[in-house]
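S.K.: Residue numbers (the numbering used here): 2 to 48.
Glycine included, C-beta positions come from ideal geometry on N, C-alpha and C.
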């Protein structure tokens, strides 16, 4: 049985955010494409 590890979620999230930020900056520098985020709502259920 493996032991559980306690992680600091804020540190993990900051690491992921920094990696995505660097990847987006690299994409923009190489191709000129600026990244964005879109939400597509499908259906009539407001939940």
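When the Cα atoms are used, what is the spatial distance from residue 45 to residue 22?
M.R.: Going from the Cα of residue 45 to the Cα of residue 22 covers about 34 Å.
S.K.: Quick check on the DSSP output: the alpha helix (DSSP H) that includes residue 11 runs from which residue to which?
M.R.: Residues 10 to 32.
S.K.: By Cβ distance, which residues of its chain are closer than 8 Å to residue 28, with the 5 residues on each side in sequence left out?
M.R.: Only 34, 36 meet the Cβ criterion.
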